[in-house]
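So the structure is just underneath, and the comments pick up after that.
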Amino acid sequence: MNLLKSDDYPAIYEDYIGNVQGDVMEELNRQVETFPTFIREIPQDKLLYSYAQGKWTIKEILCHIIDTERVMSYRALRFARNDMTALASFEQDEFVTHGRHNEREIDSIIEEFVNLRKANIALFKTFNETELSRKGMASDRLISVLAFIYVIAGHLSHHKFIMQQKYLNN
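FYI, in full-length UniProt numbering the residues of the sequence shown are 1 to 170.
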């Protein structure tokens, strides 16, 4: 898979993309193995924990990761297939507010993550260099298909770090 260039994505995604070290497909494959293990190691009494008023619970963060991956992979698919229709933003807080994530069983969340990630890996493997380099407008920002793949991997790493530092390190 070709390397990401700075003009492939807007600055707002810099932190997520910077979390990806090495080959992005290797990182996606590594995460599909290691992230479920990380989730299973979270103490049950922490799953509904929020470190401050108005902050999401761990279950909400986990489902936010899944929702965001689903949105980003859909955007990547649209642009890879040369559908250049500008795509609207999505309101992550509304997704969490109306997702009923805290009602879910942790095994269901893990299963959904693994199934989604494996399906996305299979999809991304089908993209050739031309498709990966295609760009479109999403959330009023120009971004490439390849950048979405990096964002997916880096977004998970970002939230895993937050969970480790602010939710599980006390």
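Note that the Cβ used here is the ideal one computed from N, Cα and C, for glycine as well. Note that the coordinates shown come from a computational prediction; the quantities given were computed from them, not determined experimentally.
Quiz item: Given N29, which residues of its chain have a CB within under 7 Å of its CB, disregarding the five upstream and five downstream residues?
Solution: I121
Practice problem: Please confirm if E33 has its CB atom under 9 Å from at least one CB of chain D. | Solution: The structure shown contains no chain D, having only a single protein chain.
Quiz item: Any chance the stretch 135-151 sits against the stretch 4-20, with 3 or more Cβ pairs inside 8 Å?
Solution: yes
Quiz item: Going by alpha carbons, who is nearest to Q109 out of K59, L142, K166, R141?
Solution: A small correction: the amino acid at residue 109 is Ile; Gln does not occupy that position in the sequence shown. Nearest option by C-alpha distance: K59.
Practice problem: Leaving out five residues on either side along the sequence, give the residues of the same chain with a beta carbon under 7 Å from the beta carbon of Y51. | Solution: K166, Y167
Quiz item: What does DSSP give as the partner residues of R100 in its beta bridges?
Solution: R100 pairs with nothing; no bridge assigned.
Quiz item: I think residue 198 touches L146, with their Cβ atoms under 8 Å apart; what is that distance to the nearest whole Å?
Solution: Residue 198 lies beyond the stretch modelled for the chain, which goes from 1 to 170, so this question has no answer here.
Exercise. Taking the CB atoms as reference points, tell me whether R84 and G136 lie closer together than 9 Å.
Key: Looking at the sequence shown, residue 84 is not Arg but Met. Closer than 9 Å, so yes.
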